[in-house]
Amino acid sequence: PSERPSRPSFDRIEDHILEQLQSPSNSYSTSRKKVLARDGYKCKVTGICHRRSVETVAELAQLVEESGCGSGAVQACHIVNEAIMQGVDRDSPEAKKRAAAGFLRILDTFGLSEVKDDFLKENGIHSLKNLISLSNAIHPEFDDLCLWFEPTDTEHTYTVCTSVKSLPQGLAHWNSRVTFSVYPKKFKSFEDMDMPLPDPRMLTLHGICARVAHMSGAAEYFDSFDRDHEILKEVAMLAGDGSSSVEALQSVLTRYAGVVEH
């Protein structure tokens with residue numbers, strides 16, 4: 494059996510992570526490197542480690558061997574689909590501008606004006622608050638609203654929920670509960686660096702969209718370019734009609750509405 498990595502080994506991994514955090518840019522390319530570093534180069538649900546990082550850092554390969562989760566393609570996944578806000582400007586088609594405006598109004602409706610302001614910043618959709626690390630096996634499940642995260646009583650800890658009984662094939666490991674945290678342990682918390690965790694409010698809103706889609710049996714209908722926008726409109730209508738299911742979920746969102754990301 495392999496020995497646990499020594500302290501210097503962990504330091505080597507952390508040093509590699511810190512190399513990814515030097516650029517203040519909020520481009521997707523930079524944010525992708527940062528979110529992988531923040532999440533320890535692993536999918537939060539399956540434990541699969543980012544293959545290219547494993548090939549670069551020998552100590553990561555040792556951790557992969559110990560965990561038994563393997564390595565593979567791990568991507569930076571947007572909680573709110575980047576297509577909603579990406580590239581919206583004066584010259585954008587009217588339909589795209591209306592979709593973006595409608596989404597921002599819905600954020601206001603749910604008391605998320607602070608989140609709206611973040612998205613209005615240049616490349617704000619690529620903020621680490623809107624990104625999580627997921628393997629290729631489940632990234633599509635998250636995008637298609639077949640997988641979502643329900644908040645628990647513990648800060649930044651979520652129950653992993655799915656709309657299907659069977660898990661994607663070929664997975665050696667599956668976390669039914671995940672906690673988002675910054676991987677480098679030499680820092681006391683994410684307050685010590687520009688490494689915000691996924692915004693609990695956005696994860697909750699994504700969960701609302703998922704539940705509404707499956708509650709209404711409309712998952713296939715929403716499987717389109719502007720799916721997220723259409724679902725959010727549905728959420729707003731159902732909430733306005735006093736649907737008890739949506740009200741229950743909205744109460745969870747309200748619970749996190751005052752959470753300020755450090």
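Be aware that the sequence shown starts at 494, since it is given in my numbering, and climbs by one per residue. Don't be surprised by glycine CBs; every beta carbon is placed ideally from N, CA and C. This structure is a prediction, so every number in the text was calculated from the model and none was measured.
Segment limits, alpha helix (DSSP H) that includes residue i
i, result
"S560", "A551 to S560"
"A530", "Y521 to R531"
"E634", "H632 to D636"
Residue i and residue j closer than 8 Å at C-beta
i, j, result
"I625", "I572", "yes"
"T655", "L638", "no"
"R694", "L605", "yes"
"N616", "S522", "no"
"L621", "K527", "yes"
Spatial neighbours of residue i in its chain, beta-carbon cut-off 8 Å, leaving aside the 5 residues before and after
i, result
"A729", "Residue placement at A729 cannot be trusted, given a pLDDT of 48 that sits under 50; the coordinates are not used to answer."
"L597", "K609, F612 and L613"
"T645", "Y651, T652 and R670"
Residues near residue i by beta carbon distance below 6 Å, same chain, minus five either side
i, result
"P691", "I625 and F673"
"F642", "Y651 and L696"
"M688", "R531 and V675"
"V745", "Residue placement at V745 is poorly supported in this model, since its pLDDT is 45, which falls under 50; the coordinates still yield a value, given next. Excluding sequence neighbours, V745 sits near T697."
"A703", "L638 and W641"
"A554", "V547"
Top-ranked residue by Cα proximity to residue i, from the options
i, options, result
"F635", "L696, F596, R544 and H666", "L696"
"H543", "Q555, K614 and G563", "G563"
"T647", "R670, L664 and A630", "R670"
"S560", "C536, N574 and A593", "C536"
"I631", "R704, A593 and V657", "V657"
"V675", "N574, V653, H649 and H699", "H649"
"N574", "A554, A703, E607 and I618", "I618"
"R525", "N623, A554, L553 and R591", "N623"
Unbroken beta strand (DSSP E) run spanning residue i, endpoints
i, result
"V671", "R670 to T672"
"H571", "V567 to H571"
"P644", "L640 to P644"
"S626", "L624 to S628"
"V608", "From DSSP, V608 is part of no beta strand (DSSP E) but of the alpha helix (DSSP H) over S606 to L613."
"C536", "First-last for C536: undefined, no H or E at that position."
"Y651", "T650 to T655"
Chain C within 8 Å of residue i, Cβ atoms only
i, result
"K614", "Of the protein chains in the structure, only one exists, and it is not chain C."
Neighbourhood of residue i by C-beta distance below 7 Å, restricted to the same chain and skipping five residues each side
i, result
"A712", "Its pLDDT being 46, under 50, A712 is placed unreliably by the model, and the measurement read from it follows with that caveat. Closer than 7 Å at Cβ, skipping near neighbours: L638 and A706."
"G565", "I541, R544, S628 and N629"
"H699", "I572 and W641"
Three or more beta-carbon pairs under 8 Å between the stretch 543–550 and the stretch 600–607, yes or no? The stretch 543–550, when compared against the stretch 600–607, does not touch it at the 8 Å Cβ threshold.
Pairing CB atoms from the stretch 531–543 with CB atoms from the stretch 555–573, are three or more of them under 8 Å? Result yes; three or more Cβ-Cβ pairs closer than 8 Å.
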